[in-house]
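A quick write-up on the structure given underneath.
Numbering (the numbering used here), first residue to last: 9 to 304.
So this is what it looks like as structure tokens:
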């Protein structure tokens, strides 16, 4: 008896044929350890002496390893091109896993020169496993990156449309794009909640906290407040510092006064908080209903 195995990720299609090519057993087995046990028992019961496997280096690797280690059966690799040629020689029968398994079995019986299954062991097996895992991760990473790019592109268009519909003039401030504007509008909702620019600065964490002692007058970082708004102000500040803007000039003046880079950046964020607050108030005064509807 001879057998052919068409391998898939979850299943193994197995066909056993007699010496004239007639199928005597066709079955589907799970591509698991339990399936390998059933496969080994089937081949033993049918006294199979030679097995052909298509994909022994991929989905059929587990089954191939089991049969080779069990011994007593010659295990060979059947190229997919031969399977396709065997199937096409019988037009009208279509393509199914059992049909492919029978074709593989007949090729196994006919082709004496099929190469034996080669199994990597030891260091080679470790390298194969690592290389296969890397290939899988690269494929998943590429698919995720493509999907993320498409999603981000669609989200950006939706965000830009809503920001434009809000009537906000925040994007007229250097360093504020649609994403930052959207974050500010989403977090503030109604600027009338803040009675003054100082209250707004305290709420977004850009107002420094006094930390003076004796004759030393200092302020420390305010880690409270809305951190999303604070991050938006940080983005605006960094963007302005990198270009020839009023914010960069203001930052330079603070450094010239002896402030550290971090202290000067905090001063700039506090100043930008006032700019954002005034812009939001002006927008709401110009069209309060439209702005509130867009941010509700």
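In this text, a Cβ means the ideal position worked out from N, Cα and C, and glycines have one as well.
- Message: Between which two residues does the alpha helix (DSSP H) holding residue 247 run?
- Response: For the purposes of this step, residue 247 is identified with residue 239 of the chain shown, where counting begins at 1. Note, residue 247: alpha helix (DSSP H), 235-249.
- Message: If you reduce the DSSP assignment to three classes, tell me which class residue 61 lands in.
- Response: As a first step, residue 61 is located in the chain shown; it is residue number 53 there, counting from the start. Looking at residue 61 - three-state DSSP - the assignment turns out to be strand.
- Applying the criterion that 16 or more other CB atoms from any shown protein chain within 10 Å of the CB defines a buried residue, is residue 278 buried or exposed? Numbered from its first residue, the chain shown carries residue 278 at position 270. Classification of residue 278: buried, given that the 10 Å Cβ count is 16 or more.
- Beta-carbon proximity list for residue 276, same chain, < 8 Å, skipping 5 on both sides: Indexing the chain shown from 1 puts residue 276 at position 268. Closer than 8 Å at Cβ, skipping near neighbours: 245, 248, 249, 255, 258, 259 and 262.
- Task: Decide if the stretch 56-72 is in contact with the stretch 11-18; the criterion is three or more beta carbon pairs, one per stretch, under 8 Å apart.
- Result: yes
- Message: I'd like to know whether the C-beta atoms of residue 11 and residue 59 end up nearer to each other than 7 Å.
- Response: As a first step, residue 11 must be located in the chain shown, where it is residue number 3. As a first step, residue 59 must be located in the chain shown, where it is residue number 51. For residue 11 and residue 59, yes; Cβs fall inside 7 Å.
- Coil, strand or helix - residue 186 by DSSP: Locating residue 186 in the chain shown gives position 178, counting from the first residue. If DSSP states are grouped into helix, strand and coil, residue 186 belongs with the helices.
- Item | For residue 15, the residue or residues it bridges with in DSSP | Residue mapping note: residue 15 aligns to position 7 of the chain shown, counting from 1. Paired residues: 20.
- Under the assumption that residue 109 contacts residue 23 (Cβ atoms under 8 Å), give the Cβ distance between them as a whole number of angstroms. Taking the chain shown and counting its residues from 1, one reaches residue 109 at position 101. Taking the chain shown and counting its residues from 1, one reaches residue 23 at position 15. With a Cβ gap of about 4 Å, residue 109 and residue 23 count as contacting.
- Message: Suppose the cutoff is 8 Å on Cβ atoms and the five residues either side in sequence are ignored; what does the same chain contact list for residue 122 look like?
- Response: Locating residue 122 in the chain shown gives position 114, counting from the first residue. Taken in chain order, the residues that qualify are 60, 84, 85, 86, 115 and 116.
- Query: Beta-carbon separation of residue 174 and residue 287 under 7 Å?
  - Reply: If you number the chain shown from 1, residue 174 lands on position 166. If you number the chain shown from 1, residue 287 lands on position 279. No, the pair does not count as a contact, with Cβ atoms beyond the cut-off.
- Query: Using the C-alpha atoms, what's the distance from residue 79 back to residue 135?
  - Reply: For the purposes of this step, residue 135 is taken as the residue at position 127 of the chain shown. For the purposes of this step, residue 79 is taken as the residue at position 71 of the chain shown. For residue 135 and residue 79, the distance between alpha carbons rounds to 25 Å.
- Query: Which of the three DSSP states, helix, strand or coil, is assigned to residue 40?
  - Reply: As a working mapping, residue 40 is identified with position 32 in the chain shown. Note: residue 40 maps to coil in three-state DSSP.
- Message: Rounded to the nearest angstrom, what separates residue 299 and residue 182 at their Cα positions?
- Response: Position 291 of the chain shown, counted from the start, is the residue given in the question as residue 299. Position 174 of the chain shown, counted from the start, is the residue given in the question as residue 182. Unreliable placement is indicated for residue 299, whose pLDDT of 49 sits below 50; the coordinate value is still reported in the next sentence. Whole-angstrom Cα-Cα distance: 21 Å.
- Going by the beta-carbon positions, is the gap between residue 111 and residue 94 smaller than 7 Å? Stepping through the chain shown from its first residue, residue 111 is reached at position 103. Stepping through the chain shown from its first residue, residue 94 is reached at position 86. Result yes, Cβ atoms of residue 111 and residue 94 sit closer than 7 Å.
- Beta-carbon gap between residue 207 and residue 233 smaller than 7 Å: Your numbering for residue 207 matches position 199 in the chain shown. Your numbering for residue 233 matches position 225 in the chain shown. No; because the gap between Cβ atoms is not below 7 Å, this pair is not in contact.
- Message: Which residue marks the beginning of the beta strand (DSSP E) containing residue 82, and which one marks its end?
- Response: Your numbering for residue 82 matches position 74 in the chain shown. Run containing residue 82: 82-85, per the beta strand (DSSP E) assignment.
- Environment of residue 292 [buried if 16+ CB atoms lie within 10 Å]: Numbered from 1 along the chain shown, position 284 holds the residue referred to as residue 292. Burial call: buried.
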